[in-house]
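Take a look at the structure below.
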Amino acid sequence: MTDEIIPVASSFSGSDMGAERYKARYARSVEEPEAFWREELARLDWIKRPEKISDVSFNRDDFRIRWFEDGILNVSVNCIDRHLETRANKPALIWEGDHPAHHHAITYRQLHDHVCRFANVLKMLGVKKGDRVTLYMPMIPQAVFAMLACTRIGAVHSVVFGGFSPEALSGRINDCQSEFVITADQGVRGGKAIPLKDNVDEALKSAPGVKRVLCVKHTGANVHWEEGRDYWYHDLSIQVDAHCAPEPMGAEDPLFILYTSGSTGKPKGVLHTTGGYLLWAAMTHALTFDAKEDDIFWCTADIGWVTGHSYIVYGPLANGATSLMFEGVPTWPDASRFWEVIEKHKVSVFYTAPTAIRALMRLGDDPVTKHDRSSLRLLGTVGEPINPEAWRWYHKTVGNGHCPIVDTWWQTETGGHLITPLPGAHGLKPGSASFPMFGVQPALVDNDGKRLPDSGAATGNLVLLGSWPGQMRTVYGDDQRFFDTYFSTYPGYYFTGDGARRDEDGYWWITGRVDDVLNVSGHRLGTAEIESALVLHPDVAEAAVVGYPHDIKGQGVWCYVTLNEGVEAGETLEKALKDQVRKEIGPVASPDVIQFTPGLPKTRSGKIMRRILRKIAENELGSLGDTSTLADPGVVQSLIDGRVKAS
Ligand code: ATP
Ligand code: MG
Numbered sequence: 001m002t003d004e005i006i007p008v009a010s011s012f013s014g015s016d017m018g019a020e021r022y023k024a025r026y027a028r029s030v031e032e033p034e035a036f037w038r039e040e041l042a043r044l045d046w047i048k049r050p051e052k053i054s055d056v057s058f059n060r061d062d063f064r065i066r067w068f069e070d071g072i073l074n075v076s077v078n079c080i081d082r083h084l085e086t087r088a089n090k091p092a093l094i095w096e097g098d099h100p101a102h103h104h105a106i107t108y109r110q111l112h113d114h115v116c117r118f119a120n121v122l123k124m125l126g127v128k129k130g131d132r133v134t135l136y137m138p139m140i141p142q143a144v145f146a147m148l149a150c151t152r153i154g155a156v157h158s159v160v161f162g163g164f165s166p167e168a169l170s171g172r173i174n175d176c177q178s179e180f181v182i183t184a185d186q187g188v189r190g191g192k193a194i195p196l197k198d199n200v201d202e203a204l205k206s207a208p209g210v211k212r213v214l215c216v217k218h219t220g221a222n223v224h225w226e227e228g229r230d231y232w233y234h235d236l237s238i239q240v241d242a243h244c245a246p247e248p249m250g251a252e253d254p255l256f257i258l259y260t261s262g263s264t265g266k267p268k269g270v271l272h273t274t275g276g277y278l279l280w281a282a283m284t285h286a287l288t289f290d291a292k293e294d295d296i297f298w299c300t301a302d303i304g305w306v307t308g309h310s311y312i313v314y315g316p317l318a319n320g321a322t323s324l325m326f327e328g329v330p331t332w333p334d335a336s337r338f339w340e341v342i343e344k345h346k347v348s349v350f351y352t353a354p355t356a357i358r359a360l361m362r363l364g365d366d367p368v369t370k371h372d373r374s375s376l377r378l379l380g381t382v383g384e385p386i387n388p389e390a391w392r393w394y395h396k397t398v399g400n401g402h403c404p405i406v407d408t409w410w411q412t413e414t415g416g417h418l419i420t421p422l423p424g425a426h427g428l429k430p431g432s433a434s435f436p437m438f439g440v441q442p443a444l445v446d447n448d449g450k451r452l453p454d455s456g457a458a459t460g461n462l463v464l465l466g467s468w469p470g471q472m473r474t475v476y477g478d479d480q481r482f483f484d485t486y487f488s489t490y491p492g493y494y495f496t497g498d499g500a501r502r503d504e505d506g507y508w509w510i511t512g513r514v515d516d517v518l519n520v521s522g523h524r525l526g527t528a529e530i531e532s533a534l535v536l537h538p539d540v541a542e543a544a545v546v547g548y549p550h551d552i553k554g555q556g557v558w559c560y561v562t563l564n565e566g567v568e569a570g571e572t573l574e575k576a577l578k579d580q581v582r583k584e585i586g587p588v589a590s591p592d593v594i595q596f597t598p599g600l601p602k603t604r605s606g607k608i609m610r611r612i613l614r615k616i617a618e619n620e621l622g623s624l625g626d627t628s629t630l631a632d633p634g635v636v637q638s639l640i641d642g643r644v645k646a647s
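Residue numbers for the sequence shown follow this note's numbering, beginning at 1 and rising by one.
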């Protein structure tokens, strides 16, 4: 839609990754992968440096994905011990609590002691190498201690987002047969308490395999206690030593399980392994964010999502960075919270989601501009396509026009960034994820699986040729589902499930999930593009577009639109929005139905659950599917009610 290029900011002089260096290094990564990865191995400390680089086949008969197979390492050593010589007193974590008065830093030395103690407590409770440990934690440092403690002793963590219901929690505990749960008495977000321990008690009624619950005291609330099953962390931690020998782990030993956000169906237990994942997290954190020794790096995700795993914990800590961890929400105590935190802690790199940017943009510029953001040098986004309108606001208002934005496309399955601009290397196009990371080979196929040309403009289904170290290794306990989901649609390729467009300059644009690409009168239209056109209108806060069966066109365009506060829906506005889409994209994309709605169904990670919107548009109200991962299930009824008026 827009092919305006924002040049590499001349003020962005810090990076040594110019366009030429990117090209040369990328070429080496795909033409001489053995040599490339042998060089990259130096990012980690290995107990035994691997000789074998990779062993991969995406074919059904001899399917396998292995990286650095004979390497031996320990993740916690890479994230902590190896930094102690030069960075013992550097903050590893800066914790900003829900309440603005609560914040403190934890140095690498302190992190070492906390993690060793935590690891020894886990051992005391009987946790052994290979055991699955479920974490259901608020955003407090102990959550990071617990994750790293698991890696220290070779246990496999499964972090379940603290906002999930008891049902969602028990489902995830049972799926990986976890016998240990780590939680806290309560979490706090936006001034409200979240009854984590109560939820665990409820979940365990239908997860009878759990033997031990370790509870961290956070708010001090009274909680139900089951003797013999429940243990306070603070009781046990004083009984153990602050040293714990790290377990040597094979590079292909499981590191963690993480369930996908469930936007498209039943969540999958994505399994990542030790060596490849850590190297990918470290490399992408270093390159995408142009990591510098004195950066204050803030990723606003929750550790319950892969973004939190890779860019709050593993990437930054493997690189010896300072990572900010935030317990609260962007709008409490007021709409300035993000910017207040940036000013307070002099954040230099800020990484958040388009959904948060859109929500904050709606509240105007004042909450942003009243805080000093001069410490910022780089901004990032993840999770969804970012519409150019929001991109520009982020760039201009938040970043004062001088911070590059890295729009990082990746998935839980990919462990880290796959397509993203690298700061200093490319001019930026608002809304484009730009270019592949080293070692990543994106390609397009049509619906029959035919490869589209590798140069020039093209639109199709996004696949990847070959593997990269951070690729997931299986769906936990279900190799078949892994193969079927990702490798059977287009044999020989990894299928991302996303649609994409490559423009004449070679920039990649993610058009949304393939299920969300519409075929209107024979034209392929990305829902993301239509949504961008709708939100360009000053009265529109958010929009979601789905297709529905249409007698003449094949598929019709159904738009769910949320308006800014105080704006009244009406026929004039409806017409204005239709005109806007015709003007921006063309008459073929013209909306058939505009349904105004007070809210959209979103997952807990802020993603729009389009499959529900699709079912409602199709009038398939009886088969809405799993809605357990919705942030606000109530919104579904208001959508159903609103349907009648719209159609
Ligand atoms: P599930 O797989 O359970 O349906 P999910 O796909 O939402 O859930 P994630 O792994 O968290 O789970 O999200 C990855 C998806 O998010 C990508 O496949 C893509 O559709 C979208 N996405 C992530 N980052 C970007 C981005 N920068 N631009 C466009 N889309 C993005
Ligand atoms: Mg997905």
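In this text, a Cβ means the ideal position worked out from N, Cα and C, and glycines have one as well.
**Report entry** residue 218 (DSSP reduced to helix, strand or coil)
**Finding:** Within the sequence shown, numbered from 1, the residue matching residue 218 stands at position 218. DSSP places residue 218 in coil when its eight states are reduced to three.
**Report entry** Bridge partner(s) assigned by DSSP for residue 474
**Finding:** What you label residue 474 is simply residue 474 of the sequence shown in a count that begins at 1. Answer by DSSP bridge pairing, in chain order: 271.
Query raised in the report: What's the gap between the Cα of residue 306 and the Cα of residue 411?
Result: Working through the sequence shown from its first residue, we reach residue 306 at position 306. Working through the sequence shown from its first residue, we reach residue 411 at position 411. Distance between the alpha carbons of residue 306 and residue 411: 8 Å.
Query raised in the report: Residue range of the beta strand (DSSP E) that residue 96 falls in?
Result: Locating residue 96 in the sequence shown gives position 96, where the first residue counts as 1. Residues 91-96.
Query raised in the report: With distances taken from CA atoms, which of 572, 224, 149 and 348 is nearest residue 323?
Result: Within the sequence shown, numbered from 1, the residue matching residue 323 stands at position 323. The residue with the shortest Cα to Cα distance from residue 323 is 348.
Query raised in the report: Which ranges would you report for the beta strand (DSSP E) in the segment 317-383 if only whole runs of at least 3 residues count?
Result: 322-326, 349-352 and 378-382
Report task. Using only the heavy atoms of the ligand ATP, determine whether one of them is closer than 7 Å to the beta carbon of residue 15. Result -> Reading the sequence shown from its first residue, position 15 is the one you call residue 15. Because no heavy atom of the ligand ATP lies under 7 Å away, the Cβ of residue 15 does not count as near it: no.
Query raised in the report: Does the Cβ of residue 183 have 16 or more other Cβ atoms within 10 Å, making it buried, or fewer, making it exposed?
Result: For the purposes of this step, residue 183 is identified with residue 183 of the sequence shown, where counting begins at 1. Looking at its Cβ environment, which holds 16 or more other Cβ atoms inside 10 Å, residue 183 is buried.
Query raised in the report: What residue does the alpha helix (DSSP H) around residue 262 start on, and which one ends it?
Result: For this step, residue 262 is matched to residue 262 along the sequence shown. Note, residue 262: premise wrong, no alpha helix (DSSP H); not H, not E.
Query raised in the report: Between the Cα of residue 64 and the Cα atoms of 148, 21 and 252, which residue gives the shortest distance?
Result: Residue mapping note: residue 64 aligns to position 64 of the sequence shown, counting from 1. Residue 64 has its Cα closest to that of 252, out of 148, 21 and 252.
Query raised in the report: Should residue 148 be labelled buried (16 or more other beta-carbon atoms within 10 Å of its own) or exposed?
Result: The residue labelled residue 148 in the question sits at position 148 within the sequence shown. That one is buried.
Query raised in the report: Are the C-beta atoms of residue 210 and some chain B residue less than 8 Å apart?
Result: No chain B appears in the structure shown, which is made up of a single protein chain.
Requested in this report: Just list the alpha helix (DSSP H) runs in the segment 502-558, keeping only unbroken ones of 4 residues or longer that don't cross its boundaries, in chain order.
Outcome: 527-535
Query raised in the report: Where DSSP assigns a beta bridge to residue 580, which residues make up the other side?
Result: If you number the sequence shown from 1, residue 580 lands on position 580. Bridge partners of residue 580: none, in fact.
Query raised in the report: Which of helix, strand or coil does DSSP assign to residue 607?
Result: Counted from its first residue, the sequence shown places residue 607 at position 607. Residue 607 falls in the coil class under three-state DSSP.
Requested in this report: Report whether the distance from the Cβ of residue 531 to the nearest heavy atom of the ligand ATP is below 7 Å.
Outcome: Taking the sequence shown and counting its residues from 1, one reaches residue 531 at position 531. No, the beta carbon of residue 531 sits no closer than 7 Å to any heavy atom of the ligand ATP.
Query - As assigned by DSSP and simplified to three states, the class of residue 121 - result: For the purposes of this step, residue 121 is taken as residue 121 along the sequence shown, with counting starting at 1. DSSP places residue 121 in helix when its eight states are reduced to three.
Report task. Would you kindly report the start and end of the unbroken beta strand (DSSP E) that includes residue 481? Result -> Reading the sequence shown from its first residue, position 481 is the one you call residue 481. Run containing residue 481: none in the beta strand (DSSP E); it sits in the alpha helix (DSSP H), 479-487.
Report task. Output the distance between the C-alpha atoms of residue 6 and residue 249, rounded to the nearest integer angstrom. Result -> In the sequence shown, residue 6 corresponds to position 6, counting from 1. In the sequence shown, residue 249 corresponds to position 249, counting from 1. Spanning the two alpha carbons is a distance of roughly 45 Å.
**Report entry** Status (buried if at least 16 other CB within 10 Å, exposed otherwise) for residue 11
**Finding:** The count along the sequence shown starts at 1 and reaches residue 11 at position 11. Bear in mind that a pLDDT of 48 at residue 11, under 50, signals an unreliable position, so the number given afterwards is only what the model happens to contain. With fewer than 16 other Cβ atoms within 10 Å, it is exposed.
Query raised in the report: Comparing alpha-carbon positions, which option in 521, 170, 191 and 174 lies nearest residue 198?
Result: If you number the sequence shown from 1, residue 198 lands on position 198. Ranking the options by Cα distance to residue 198, first place goes to 170.
Query raised in the report: According to the neighbour-count rule (16 or more other Cβ atoms, all chains shown, within 10 Å of its Cβ), is residue 104 buried or exposed?
Result: Walking along the sequence shown from the start, residue 104 turns up at place 104. By the 10 Å Cβ count, residue 104 comes out exposed.
Query raised in the report: So, using beta-carbon positions, are residue 508 and residue 433 closer together than 8 Å?
Result: Counting from one through the sequence shown, the residue named residue 508 turns up at place 508. Counting from one through the sequence shown, the residue named residue 433 turns up at place 433. Cβ distance < 8 Å, so residue 508 and residue 433 count as in contact.
Query raised in the report: Is residue 44 helix, strand or coil by DSSP?
Result: Position 44 of the sequence shown, counted from the first residue, corresponds to residue 44. If DSSP states are grouped into helix, strand and coil, residue 44 belongs with coil.
Requested in this report: May I ask you to report which of helix, strand or coil DSSP gives residue 78?
Outcome: Here residue 78 refers to the residue found at position 78 when the sequence shown is read from its first residue. Helix at residue 78.
Query - Cβ-heavy atom distance, residue 411 to the ligand MG, below 7 Å - result: One-based indexing of the sequence shown puts residue 411 at position 411. Correct: residue 411 has its Cβ closer than 7 Å to the ligand MG.
Report task. Could you name the residues of the same chain whose beta carbon sits closer than 6 Å to that of residue 582, not counting the 5 residues immediately before and after it, in chain order? Result -> Locating residue 582 in the sequence shown gives position 582, where the first residue counts as 1. Excluding residues within five positions, the ones whose Cβ falls inside 6 Å are 590.
Query raised in the report: With respect to the beta strand (DSSP E) encompassing residue 187, which residues constitute its N-terminal and C-terminal limits?
Result: Working through the sequence shown from its first residue, we reach residue 187 at position 187. Counting along the chain, the beta strand (DSSP E) containing residue 187 begins and ends at 187-189.
**Report entry** Residues near residue 131 in its chain [Cβ-Cβ closer than 6 Å; skip 5 each side]
**Finding:** As a first step, residue 131 must be located in the sequence shown, where it is residue number 131. Counting only Cβ-Cβ distances below 6 Å, and skipping sequence neighbours, we find 155.
Query raised in the report: Quick one: is the Cβ of residue 510 within less than 7 Å of any heavy atom of the ligand ATP?
Result: Walking along the sequence shown from the start, residue 510 turns up at place 510. Because some heavy atom of the ligand ATP lies under 7 Å away, the Cβ of residue 510 counts as near it: yes.
Query raised in the report: Distance, Cα to Cα, residue 635 vs residue 475?
Result: Looking up residue 635 in the sequence shown gives position 635. Looking up residue 475 in the sequence shown gives position 475. Approximately 31 Å, taken between the alpha carbons.
Report task. Examine the ligand MG and report whether any of its heavy atoms sits within less than 7 Å of the Cβ of residue 162. Result -> For the purposes of this step, residue 162 is identified with residue 162 of the sequence shown, where counting begins at 1. Residue 162 Cβ: outside cutoff for every heavy atom of the ligand MG.
Query raised in the report: Closer than 7 Å: is that where the CB of residue 262 sits relative to any heavy atom of the ligand ATP?
Result: Here residue 262 is taken as the residue at index 262 of the sequence shown, counted from 1. Yes, since a heavy atom of the ligand ATP falls inside the 7 Å radius drawn around the Cβ of residue 262.
Requested in this report: Quick one: which unbroken alpha helix (DSSP H) runs of 4-plus residues sit fully inside the segment 273-318? Chain order, please.
Outcome: 274-288 and 315-318
Query raised in the report: If you follow the beta strand (DSSP E) that residue 444 is part of, which residue opens it and which one closes it?
Result: Here residue 444 refers to the residue found at position 444 of the sequence shown. Note, residue 444: beta strand (DSSP E), 442-445.
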